[in-house]
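Data block below; observations after.
In the UniProt record's numbering, the protein residues as written are 1 to 260.
Dropping the structure here:
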């Protein structure tokens, strides 16, 4: 039932010219100032509150300081062909993210970022397994990832369990296995990127996956610039938007080729 529902959604969105995978082009120009504003909205606001049940508020910049090691957990009902294609896609994407951010990100052992790909009936058991695997993560803190609304295709939660409340130490992403291929890939791109610290969406961000309008399905050049900014060594985890603003104005002009 869910698989048919998501197939219909993808078909409708594609028929409306949404879920683009071209990364943007001449029809989606943006300036350094637009990039800076989008970065502030996406990196300095939470999409959800602490319980993932309501809208979030303004916050400080958060990111990973330690290497990100991703493990993929599949539900028992996910067929081998889908496991193979999803694993290949996630590995390729993590290599891209590592290159963009210049931060160590890989699919590796001793994971601190778990990506769960599961059908409705498999999700609860895998979340319990993830909670046991990740320090500072409990089944209670993952409850919102289990109780998904029908129109939630995927979700991620990142945790700062160390001494620095602005440095992520663990994350769990859930991707519904019922999603058709492009929606699955879109979920992989958005949830892993959000788990790295780009926690919010913005209605003005374009071309971007960090926008609820679903115009773009896959990470764009604009989004790569946001990730470069997030992990730029001139910015520090814990900075407020106001503290970061003078630096982000310089960085965005460097990235877009505008005057510094």
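Glycine included, every Cβ here is placed at the ideal spot set by N, Cα and C.
Residue 242 sits in a helix when the DSSP states are folded into three classes. Residue pairing by DSSP places residue 154 opposite 175 in a beta bridge. Sequence-distant Cβ neighbours of residue 82 in its own chain, meaning closer than 6 Å and more than five residues away, do not exist here. Annotation for residue 202: 38, 41, 42, 210, 211 place their beta carbon closer than 7 Å to its own, counting only its chain and skipping 5 residues before and after. Counting only runs of 4 or more residues that sit fully inside the stretch 189-249, the alpha helix (DSSP H) segments are 221-230, in chain order. Bounds of the beta strand (DSSP E) holding residue 106 are 105-107.
The C-beta of residue 73 has 16 or more other C-beta atoms within 10 Å across all chains shown, which makes the residue buried. Here residue 5 is exposed. Its C-beta has fewer than 16 other C-beta atoms within 10 Å. DSSP places residue 6 inside the alpha helix (DSSP H), whose first and last residues are 2-15. Per DSSP, the continuous alpha helix (DSSP H) segment holding residue 39 begins and ends at 32-43. DSSP, reduced to helix, strand and coil, places residue 115 within a strand of the structure shown.
A contact is defined here as three or more CB-CB pairs under 8 Å, and the stretch 87-96 fails this definition with respect to the stretch 155-174. Looking only at 227, 253, 213, 255, the smallest Cα-Cα distance to residue 16 is reached by 213. With three or more CB-CB distances shorter than 8 Å, the stretch 192-200 counts as touching the stretch 168-180.
Less than 8 Å divides the Cβ of residue 182 from the Cβ of residue 217. Out of 14, 152, 156, 249, the CA that lies nearest to the CA of residue 178 is found in 152.
Looking at the backbone, the Cα of residue 147 and that of residue 139 are separated by about 12 Å.
For residue 70, the pairing in a beta bridge is given by DSSP as 107, 113.
The C-beta distance from residue 247 to residue 225 rounds to 14 Å, too long to meet the 8 Å contact threshold. DSSP, reduced to helix, strand and coil, places residue 131 within a helical segment of the structure shown. In this chain, the alpha helix (DSSP H) harbouring residue 82 covers 80-101. Within the same chain, 207, 220 come within 6 Å of residue 24 by CB-CB distance, once the 5 residues on both sides are set aside. Looking at the DSSP output, residue 143 bridges to nothing.
The three-state reading of DSSP puts residue 20 in strand, counting E and B together. In this structure, residue 155 lies away from residue 142, with their beta-carbon atoms at least 8 Å apart.
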